[in-house]
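Asker: Below are the structure tokens for one structure; questions will follow.
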Amino acid sequence: MQWFTSGAERKCLITKYDDTLGWYLILEKQTDSINSAFGQRLKSNLLFMALSLAACILVTTLVFHNYNQRMVTVENTDELTGLANRRLFAKQYASFMHRHRQQPKTLFLFDVDHFKQINDSYGHVFGNAILSMVASEVRSVIGENGIAARWGGDEFFGVLALSPRQAEELFATLMQRLNSEEKDSRYRVTISVGLAEINSKLNVEQITKKADKALYCSKQNGRNQITQCESI
């Protein structure tokens, strides 16, 4: 087999000697069409491989992005209630204060009254359902007025772009909704609340201590009530 070029064409020459006839059989074949078809097939395969590789890279990138997003959510969100945890609240607090720097602001702390008794009497599954329900109501009542987080156990905290008096009215609404007849009839949920007005002279730890003191007063005075730190 020999290859040669004739003008602009590339050809293949095949020769074979026939002993019977004493002849040389010569076959000439133009290979441009074969080469063209092979080239087209090669280009198609390379294009398919490139697109497949790009698709794999895209899918892998999306998978890792979604995984990272889930990890961020897990790290910053309380699994049971879906509220922010203390880590996320610390990040959100500064930006919240900046956005609402011209408005009155109140920090709140509250817990579910006699929560240990709920767990002991009805079990932890029911207790968890109570916490989830409380978190849902808190989220609904607060709306765009602030941010809420789970402190731990049956304790919740957060900040509102409201004055202490307005915050007290908001929590009165929350308490009424939690104790509504529409809720589970096995247990009427009540909460004790402590409020502290935020001012620029105190940092978040100091304000939290004031709200915690107000919460303690609510519990000492019979629970199921709201106490403002300024009224102590």
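Be aware that the sequence shown starts at 1, since it is given in UniProt numbering, and climbs by one per residue.
Yeah, the Cβ is synthetic: ideal placement off N, Cα and C, and Gly gets one too.
1) Less than 8 angstroms between the C-beta atoms of A172 and A196, yes or no?
2) When you measure from the CB of T190 to every non-hydrogen atom of the ligand FAD, does any distance come out below 7 angstroms?
3) Out of A55, Q117, D111, K16, which has the shortest C-alpha to C-alpha gap to M175?
4) Is there contact between the region 96-109 and the region 126-135, where contact requires at least three CB pairs shorter than 8 angstroms?
5) If you draw a straight line from the alpha carbon of S44 to that of N66, how long is it in whole angstroms?
6) Take H100 and list the residues in its own chain whose beta-carbon comes closer than 6 angstroms to its own, dropping the five residues that flank it on each side.
7) Identify which residue in G194, A211, Q225, F157 has its Cα closest to the Cα of R87.
8) Quick one: grab the DSSP three-state call for L162.
9) State the Cα-Cα distance for the pair A50 and V59, rounded to the nearest angstrom.
10) Let me make sure I understand the geometry here. Which of E169, I198, F115 has the alpha-carbon closest to that of M97?
11) Look at the alpha carbon of S192 and the alpha carbon of A55, and state the distance between them as a whole number of angstroms.
12) State the DSSP-derived secondary structure class of R188, mapped to helix, strand or coil.
13) What runs of the alpha helix (DSSP H), each 4 residues or longer, lie entirely inside the UniProt domain "GGDEF" (103-231)?
14) Is it the case that the Cβ atoms of A149 and N203 are separated by a distance below 8 angstroms?
15) If you compare alpha carbons, which of S121, L62, D19, E168 is closest to Q225?
16) Would you report the Cα separation of E170 and S95, rounded to the nearest angstrom?
17) Starting from H98, follow the alpha helix (DSSP H) in both directions and report where the run begins and ends.
18) Let me know the secondary structure DSSP gives T81 once reduced to three states.
Answerer: Short version:
1) no
2) Of ligands this structure carries none, so the ligand FAD is not represented either.
3) D111
4) no
5) 33 angstroms
6) A161
7) F157
8) coil
9) 14 angstroms
10) I198
11) 55 angstroms
12) coil
13) 115-122, 124-142, 164-178, 204-220
14) no
15) E168
16) Residue identity differs from the one stated: residue 170 is Leu in this sequence, not Glu. Straight-line Cα distance between these residues: approximately 22 angstroms.
17) 86-99
18) coil
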